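Mapped onto full-length UniProt numbering, the consecutive letters of the sequence shown carry residue numbers 1 to 39. First comes the structure, then the notes that go with it.
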Amino acid sequence: LEKPFYHEEHEVHEGKKTEIILKLFVFFFVVFVTFVVNI
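Structure representation (structure tokens):
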């Protein structure tokens with residue numbers, strides 16, 4: 001009963017991790033562009 005539940009949670013976690021990585025990438029890109037434009 002634990003293993004299928006863990007498998008589902010793991011899949012959801014992988015999706016969230018990818019989403020967080022994309023959001024962090026966009027955030028750092030915006031910060032970088034803002035930094036370059038200010039100079």
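Where a beta carbon is used, it is the ideal one built from N, C-alpha and C, also for glycine. Values in this document were obtained by computation on a predicted structure and should not be read as measured data.
Query: Assigned secondary structure, I39 (DSSP; H/G/I helix, E/B strand, else coil); Result: coil
Query: Residues of its chain near V31, where Cβ-Cβ distance is below 8 Å and the 5 sequence neighbours each way are ignored; Result: none
Query: Cα-Cα separation, L24 to I39; Result: 23 Å
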